[in-house]
Amino acid sequence: MVNPTDIKTAQRPAPKARKVLMNRAIREALDYELANDPTVFLMGEDVGPFGGVYQTATGLYEKYGPERIRDTPISEAGFIAAAAGAAMAGMRPVVELMFVDFIGVCLDPLFNFIAKHATHTGGKQPMPVTIMAGMGGGYCDASQHSQTLFATFAHLPGLKVVAPSTAYDARGLLHAAIRDPNPVMFLMQKELLGLGLWGTLPGATSIMPDEPFELPIGKAFVRREGRDITLVGMAASAHMARQAAEALAKEGIDAEVIDLATISPLDRDTVIASVAKTGRLLVADEDYRNCGVAGEVIASVCEAIGHKLKAPPRRVAFPDTPIPFARPLEQYLRPSAEKIVSTTLDLFKDYA
Amino acid sequence: MTEIRIAEDQWDEDLEGNLLTWLYDEGTEVSQGDVIVEIMVEKLQVEIEAPASGILRHGKAEGDLINRGDVIGSVAPG
């Protein structure tokens with residue numbers, strides 16, 4: 012029996028919740044900042060009429076024109092250095108570096124100039140440059156198109172580094188990055204952007220408010236509360252940690268999940284507070300294991316509360332080898348929810 | 537009821553698209569002109585707008601292959 016009230020409820024339209032893919036969330040932030048700050052402009056390879064290889068700039072060229080949406084030649088060294096000059100002249104450049112792997116050819120203007128110039132001038136000349144770059148693997152694009160390079164950037168003082176895991180975070184953090192007087196590396200995980208050709212993790216798409224909002228750079232997010240172990244991730248590995256936590260719950264292990272969201276400055280307080288509660292720590296990091304963010308998180312926790320740990324910390328990171336092209340090899344080496352689960356189960360078995 | 541049909545000139549060549557995502561759940565009341573679905577065609581991401589205002593129904597699912605001229609859903613008066 013269905014009573015008439017139920018039928019009425021069933022027919023009532025669902026509340027209007029607008030879902031947005033991460034690449035479109037990025038476009039919304041760019042659109043708003045371009046519309047509201049005349050010093051903001053975007054440049055990079057194919058960001059003009061094509062709308063960017065990640066479709067983060069669709070329609071912006073038509074709306075803002077070639078002066079503010081600038082297609083560049085394939086010369087990363089040229090346009091990253093040009094961003095530095097523009098920032099010195101009072102502009103607020105946003106640059107899309109197509110693949111973060113290409114940083115090799117333009118590292119000098121970034122790490123020797125953009126990252127240090129504010130310090131060199133005693134803070135008189137800020138460097139409000141935002142560099143958006145696609146990163147991450149898992150889709151057979153081999154060693155020069157699959158890296159994350161979190162640690163490479165986090166190691167350089169003067170740079171902020173963010174790596175959002177959801178469309179909502181991407182939008183809020185990009186508003187903050189563009190408005191920040193410091194240079195910010197805005198790392199976009201290809202797998203999360205919403206583009207079919209790189210696969211899309213469903214959890215990356217968000218319900219999006221219409222109004223602009225800002226999320227603080229340097230603040231980690233607790234995605235799931237738990238008592239037994241703290242799982243830390245960033246960008247795609249934050250999703251892996253969340254999936255692992257769901258699987259571990261079935262094994263009777265109650266995991267807390269922290270999404271760093273910002274790699275530098277690292278939100279050590281949030282991680283330490285969590286591990287003080289759980290007593291155990293695992294960091295999932297798609298970057299290379301050696302001298303990586305995972306190691307830095309673990310060191311920070313050990314320095315603060317190492318004496319309170321119930322078990323040694325663990326890392327699930329990419330082994331120190333170039334990323335293979337072949338799918339079976341790449342999947343074998345890449346961090347995954349399954350690896351987080353098995354490492355956690357081993358930890359609980361070995362230190363019962 | 538208004539069909540949501542992919543226009544014959546929605547994208548240039550005779551290519552198949554891949555339905556990336558519906559931007560509103562089934563049963564949501566959408567307005568004419570709202571972007572309601574995103575389709576990936578080669579390396580271009582195409583936004584499809586609601587042809588009328590009303591309650592959204594999904595005909596095709598995320599991941600389905602889409603050709604020009606296909607009906608992918610409908611909008612019915614609320």
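Chains as they are written, first to last, in my numbering: chain F, 12 to 363; chain U, 537 to 614. We put the beta carbon where it would ideally sit given N, CA and C, even for glycine.
1. Under 7 Å Cβ-Cβ, which residues of chain U neighbour residue 66 of chain F?
2. Which residue spans inside the stretch 32-119 of chain F form an unbroken beta strand (DSSP E) run of at least 3?
3. Taking the C-alpha atoms as reference points, what is the distance between residue 29 of chain F and residue 570 of chain U?
4. Report the option in F:281, F:235, F:211 and F:121 whose CA atom is closest to the CA atom of residue 169 of chain F.
5. Taking only beta-carbon atoms, is residue 563 of chain U less than 8 Å away from chain F?
6. Output needed for residue 12 of chain F: all residues of its chain with C-beta closer than 7 Å, excluding positions within five of it in sequence on either side, in chain order.
7. Counting only beta-carbon atoms, is residue 29 of chain F nearer than 8 Å to chain U?
8. Compute the Euclidean distance between the alpha carbons of residue 612 of chain U and residue 336 of chain F, then round it to the nearest angstrom.
9. Against chain U, does residue 205 of chain F count as a neighbour if the rule is that its beta carbon must be under 8 Å from one of theirs?
10. Between residue 111 of chain F and the rest of its own chain, which residues show a CB-CB distance below 6 Å, the 5 nearest in sequence each way excluded?
11. According to a CB-to-CB cut-off of less than 8 Å, which residues of the stretch 544-562 of chain U neighbour chain F?
12. With distance defined between alpha-carbon atoms, name the residue in F:151, F:166, F:203 and F:186 nearest to residue 343 of chain F.
13. When you compare each of F:222, F:186, F:75 and F:345 to residue 299 of chain F by their alpha carbons, which one comes out closest?
14. For chain B, is any of its Cβ atoms less than 8 Å away from the one on residue 216 of chain F?
15. Give the interface partners of residue 25 of chain F over in chain U, defined as CB-CB distance under 7 Å, in chain order.
16. Of the choices F:218, F:200, F:219 and F:308, whose alpha-carbon is the least far from that of residue 211 of chain F?
17. Where does residue 353 of chain F sit, in a helix, a strand or coil, going by DSSP?
18. Would you identify the three-state DSSP class for residue 193 of chain F, choosing helix, strand or coil?
19. Check whether the stretch 175-188 of chain F and the stretch 275-285 of chain F are in contact - that is, three or more C-beta pairs closer than 8 Å.
20. Tell me, please, whether the CB atom of residue 576 of chain U is closer than 8 Å to any CB atom in chain F?
21. Checking 8 Å against the spacing of the C-beta atoms, do residue 285 of chain F and residue 36 of chain F come in under that value?
22. Out of F:293, F:303, F:203 and F:142, point me to the one whose CA is closest to residue 331 of chain F's CA.
23. By alpha-carbon positions, which one of F:184, F:62, F:55 and F:136 ends up nearest to residue 117 of chain F?
24. Go through the stretch 220-274 of chain F residue by residue and report every complete run of the alpha helix (DSSP H) that reaches 4 residues or more, in order.
25. Strictly below 8 Å CB to CB, what residues from chain U border residue 208 of chain F?
26. Hey, which unbroken runs of the alpha helix (DSSP H) at 4 residues or more fall wholly within the stretch 284-347 of chain F?
27. Under three-state DSSP, which class holds residue 594 of chain U?
28. Give the single residue among F:74, F:109, F:105 and F:287 whose Cα lies nearest to the Cα of residue 65 of chain F.
29. If you count every other CB in all the chains shown that lies within 10 Å of the CB of residue 250 of chain F, and 16 or more means buried, which is it?
30. Which of the three DSSP states is assigned to residue 174 of chain F in this structure?
31. Indicate the three-state DSSP secondary structure (helix, strand or coil) for residue 125 of chain F in the structure shown.
32. Does the stretch 350-358 of chain F come close enough to the stretch 184-204 of chain F that 3 or more CB-CB pairs lie under 8 Å?
33. What's the C-alpha gap between residue 361 of chain F and residue 163 of chain F?
34. For residue 32 of chain F, go through chain U and note every residue whose CB falls closer than 9 Å to its CB, in chain order.
35. Which one of F:224, F:98, F:165 and F:31 has the shortest CA to CA distance from residue 139 of chain F?
36. Using a Cβ cut-off of 9 Å, pull out every chain U residue sitting near residue 130 of chain F, in sequence order please.
With the given structure in hand:
1. 581
2. 51-55, 80-82 and 103-110
3. 10 Å
4. F:121
5. yes
6. The predicted position of residue 12 of chain F is uncertain, since its pLDDT is 46 and thus under 50; no value can be drawn from it.
7. yes
8. 48 Å
9. yes
10. 144, 146 and 160
11. 554, 556, 557, 558, 559, 560, 561 and 562
12. F:151
13. F:345
14. Considering every chain present, this structure includes no chain B. Its protein chains are F and U.
15. 561, 563 and 564
16. F:200
17. helix
18. coil
19. no
20. yes
21. no
22. F:303
23. F:55
24. 247-261
25. 576 and 579
26. 304-316 and 338-344
27. strand
28. F:109
29. buried
30. coil
31. helix
32. no
33. 33 Å
34. 556, 557, 559, 574 and 581
35. F:98
36. What residue 130 of chain F touches in chain U: nothing, since even the nearest Cβ is about 40 Å away.
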